[in-house]
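These notes concern the structure reproduced below.
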Amino acid sequence: MVTEMSKLKKRFSCAVILVVMLLLAACGREEQPQAGTAYKIYYVNNDETKIINQQYFTESTDTEILFEELTGQLQTKSEKMEYQAPLAEDFSILGHVLDSGLLTVDFDEKYKELWGIREILIRAAIVRTLVQIPDVERITFTVVGEPLVDGSGTAVGIMTADTFIENAGNEINAYEKVDLRLYFANEEGNLLVEESQRNVVYNSNIAMEKLVVEKLIEGPKAEGSYPTINPTTKIISVTVKDGICYVNLDEAFQNQPYNVTSDVTIYSITNSLVELPNVNKVQISIKGESNISYRENVSLNNVFERNLDLLFTGQSQ
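Residue 75 in our numbering sits at position 67 of the sequence shown; the count goes up by one each step and never skips.
Okay, here's the thing in C-alpha cells:
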C-alpha cells in the first residue's frame with residue numbers, strides 16, 4: 009500500500025513539474041514585438057468586394073528600397089488563398105518616378121485588361137499601400153507612358169489616401185459617378201475656361217463641394233485649359249451653410265506658381281462651386297482667416313458670387 013502511495017506521489021510530482029515546464033515554455037514563446045516600422049499591405053478579397061490589409065514590418069527607411077519591398081509584398085500570394093495579391097496579375101510595373109511628393113507608376117499594356125470594380129479595387133490596394141511611403145503624398149498611374157483612363161476615356165488623375173475611403177469593416181464604400189462643370193484659366197491666364205468633366209468617379213463619403221475643390225487643385229484635363237491653384241495647396245475644410253460654401257485652405261494657396269490673375273483664381277473656385285445646386289455664394293479663408301488679401305490685391309473679407317464677365321468666349325478680349 010505504501011509502495012502504491014509512493015508511486016502516486018511520484019506521478020503527481022512529475023505531472024506538476026511537467027505543467028510548470030509547459031507554462032515556462034509558453035512564457036518563453038510569447039510573441040516578441042517585431043522590429044521596424046509597420047506598414048499595411050492591401051489585398052483584394054476573394055469575392056472582389058473590398059480590400060483587406062495585412063501588417064508588414066520593415067527597418068528600411070530609403071524610399072526606393074521601401075518601394076521595392078512594398079511592391080514585392082503586393083505580388084506575394086496568400087498561401088491559404090485567403091485573398092488576391094494586386095500585383096500578382098498578368099500586368100507588370102515598367103517603372104516609377106517620384107517628383108515633389110508625386111509618385112508616377114507606369115504599367116504595361118496588360119493593365120488595360122482590368123475593368124470595372126476589379127480594377128478599382130486593385131488600384132485602391134496599390135495606392136493605399138504605396139502612399140504610406142514617407143516621401144509619397146500623391147500617386148498617379150500611367151500605361152506605357154500615357155495617363156490611365158477609365159471606361160469612359162476620362163483620365164483617372166492624381167490619387168491620395170483619401171481617394172479610397174474605407175469604413176470600419178475595411179470595405180470600400182460605394183462609388184458614384186458625377187458630371188462636373190469646372191472653371192480653369194485660358195492660356196493668357198486672364199479669363200476663365202469652362203471644362204466639363206464627365207463620369208468623375210468619386211467616393212460617396214466625400215462631400216461634393218470638397219470634390220470640386222480637389223479637382224480644381226488637381227488641375228484641368230482638357231487641352232486649352234490651364235491650372236489656377238497651387239497644386240501643393242491643402243484643403244483644411246469645405247462646408248456649406250445657408251447657401252454659402254466656406255472654403256478653408258492652407259497657406260500654400262497664397263503662393264501662385266502659374267501666370268494667372270488673382271481674379272481668375274478666386275472665380276475659378278467660386279464659379280465652379282456655384283454650379284452645385286446648394287451653393288449660391290463662396291467665402292474663402294486661409295487657415296481660418298478671411299480678414300486678409302489673396303496675393304495682396306483681392307480681399308478675402310468678402311462673399312463671392314458667380315462672375316460671368318471673366319468667361320472666355322473664344323474671341324479676343
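The beta carbon of each residue, even a glycine, is placed where N, CA and C say it ideally should be.
Just so we're clear, the structure is a prediction, and the values are computed from it rather than from any experiment.
In this structure, DSSP gives N279 a helical state, which the three-state scheme calls helix. Apart from the 5 residues on each side of it in sequence, K218 sits with its Cβ closer than 6 Å to the Cβ of V246 in its chain, given in chain order. Where K289 is concerned, the enclosing beta strand (DSSP E) starts and stops at K289 to I294.
The criterion of a C-beta distance shorter than 8 Å is not satisfied by G197 and Y119.
Looking at the DSSP output, Y119 sits in no beta bridge, so it has no partner there. T269 and S276 have their C-alpha atoms spaced approximately 11 Å apart.
DSSP, read as helix, strand or coil, puts F312 in strand. In the same chain as R189, and ignoring 5 residues on each side of it, the C-beta atoms closer than 6 Å to its own belong to S204 and E283, in chain order. A contact between stretches requires three or more CB pairs, one per stretch, nearer than 8 Å, and the region 296-311 fails this requirement with the region 227-238. Put simply, of N53, V209 and F65 the residue whose alpha carbon is nearest the alpha carbon of G44 is F65. In this structure, N286 is the residue among A96, N286 and L111 with its C-alpha nearest to the C-alpha of M216. In this structure, A133 is the residue among V306, L200 and A133 with its C-alpha nearest to the C-alpha of T171.
By the beta-carbon neighbour count (other beta carbons within 10 angstroms, threshold 16), V290 is buried. Collapsing the DSSP output to three states places T269 in coil.
The residue from V220, L199, Y254 and F261 with its alpha-carbon nearest to that of L319 is L199.
By the Cβ neighbour-count rule, Q92 is buried, with 16 or more other Cβ atoms within 10 Å of its own. Assignment of V135 by DSSP, reduced to helix, strand and coil, places it in the helix class. By DSSP's assignment, F65 forms a beta bridge with A46. V157: not part of any alpha helix (DSSP H); DSSP gives it neither H nor E.
Under the 10 Å beta carbon count, M89 is surrounded by fewer than 16 other beta carbons and is classified as exposed.
For I147, the enclosing beta strand (DSSP E) stretches over residues R146 to V151.
For a cut-off of 8 Å, the C-beta gap from T168 to V139 is around 7 Å, short enough to register as a contact. Rounded to whole angstroms, the gap between the alpha carbons of L82 and V144 is 17 Å.
By the neighbour-count criterion, in which a residue is buried when 16 or more other Cβ atoms sit within 10 angstroms of its Cβ, V152 is exposed.
Sequence-distant partners of E195 (beyond 5 residues in either direction) whose C-beta falls short of 8 Å from its own C-beta, in its chain, are G232 and Y234. Residue state for D187 is assigned as strand, using DSSP reduced to three classes.
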